[in-house]
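Numbering (the numbering used here), first residue to last: 1059 to 1250.
Just so you know, even glycine gets a beta-carbon here, dropped at the ideal spot from N, CA and C.
Quantities reported herein were computed from a predicted structural model and do not represent experimental measurements.
Working notes for the structure below.
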Amino acid sequence: LVELLDMDDLKSTCHAMESERAMLASSKTASKHQLSQTCHEALSASAKSGDWQLALGLLSGVTATQLDRLSYNCAIAACARGHKWQLALHLLDKMPSANLHANARSFNTVINACDKGGQWHLALSVLRSMPVSRVPPDKISHSSAMSACAQGGQWLEAMDLFVGMSIAEIEPDSICYNSLMKACEKGGRWRS
């Protein structure tokens, strides 16, 4: 269904959701998990296209009790794809105040957004905040942070992350190795 809709259709869907939101809000059984399938599809489409304005509009168009982790993750992904790492980071920070627990996908998408935005120090900060939030970093978390370090020429940080993967018993993949090699190359630590 999402592939058949264009962005104008999705925006008009947002207007239609206003009446649905009013209906849900008046229902005694309304819960955060009752965000309409249409809204999730629209958020998913915005994530795929990077239409962060639409995603943020959708989030603001529903009541806080109707928001769930999926809706936030889609909006974070839309911001990341739209090269808005600041907004992705803001949405991640906002999740606890919405009584939502971020998962690995939430954190990984923000780390990736920081990587694409050249913010290696923020990527590391988000990675290091995962255990505090009781979300164990995974292979994707580490490889995205290593990629951010590589972009910034931070070979020593990338090496520390690589060693940390071994300590955490996370098996590196080719993406991790490539990121480490790229970081060493950019940091002038690569020998032929």
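Where residue i sits in the DSSP three-state scheme
| i | result |
| --- | --- |
| R1131 | Looking at the sequence itself, residue 1131 is Asn, so the reference to Arg does not match. N1131 falls in the helix class under three-state DSSP. |
| Q1209 | helix |
| Q1177 | coil |
| M1188 | coil |
| K1106 | helix |
| G1222 | helix |
| V1193 | coil |
| R1247 | coil |
| I1169 | helix |
| E1099 | helix |
| E1215 | helix |
Same chain, Cβ closer than 7 angstroms to residue i, neighbours up to 5 away in sequence not counted
| i | result |
| --- | --- |
| H1161 | Looking at the sequence provided, one finds Asn at residue 1161 rather than His. The answer, listed in chain order, is R1127, V1193. |
| F1220 | M1204, P1230, C1234, L1238 |
| E1243 | none |
| L1185 | I1169, P1195, S1199, A1203 |
Length of the line joining the Cα atoms of residue i and residue j
| i | j | result |
| --- | --- | --- |
| N1170 | D1151 | 16 angstroms |
| S1232 | Q1111 | 34 angstroms |
| K1106 | L1149 | 17 angstroms |
| P1195 | A1206 | 15 angstroms |
| A1208 | K1240 | 6 angstroms |
| V1211 | G1222 | Per the sequence presented here, residue 1211 reads as Gly, with Val not at that position. Rounded to the nearest angstrom, the two C-alpha atoms are 19 angstroms apart. |
| L1158 | G1246 | 42 angstroms |
| N1236 | Q1095 | 39 angstroms |
| E1024 | M1217 | The structure shown has nothing for residue 1024, since the chain only spans 1059 to 1250. |
| S1164 | S1129 | 11 angstroms |
| S1224 | S1191 | 21 angstroms |
| E1099 | G1108 | 14 angstroms |
| L1125 | W1178 | 30 angstroms |
| S1187 | L1180 | 10 angstroms |
Cutoff 6 angstroms; reference residue i; Cβ partners in own chain excluding five residues on either side
| i | result |
| --- | --- |
| S1089 | Residue placement at S1089 is flagged as unreliable, the pLDDT there being 45, under the threshold of 50; the coordinate-derived value follows with that caveat. Excluding sequence neighbours, S1089 sits near nothing in its chain. |
| I1198 | N1166 |
| K1142 | W1110 |
Continuous alpha helix (DSSP H) stretch holding residue i: start and end
| i | result |
| --- | --- |
| L1158 | Premise fails: L1158 is in no alpha helix (DSSP H) and is neither H nor E. |
| K1244 | 1232 to 1244 |
| L1125 | No alpha helix (DSSP H) holds L1125; DSSP gives it neither H nor E. |
| A1146 | 1143 to 1152 |
Cβ-based neighbour list, residue i, same chain, cut-off 8 angstroms, excluding 5 preceding and 5 following
| i | result |
| --- | --- |
| A1133 | L1101, S1104, A1105, W1110, A1113, L1114, L1116, L1117, L1149 |
| M1153 | R1127, Y1130, H1159, A1160, S1164 |
The ligand MN heavy atom lying under 8 angstroms from the CB of residue i
| i | result |
| --- | --- |
| N1157 | Inclusion of the ligand MN in the displayed structure is not the case, the ligand content being empty and no account of it being possible. |
Given 8 angstroms, three or more beta-carbon pairs between the stretch 1172 to 1182 and the stretch 1129 to 1137: no
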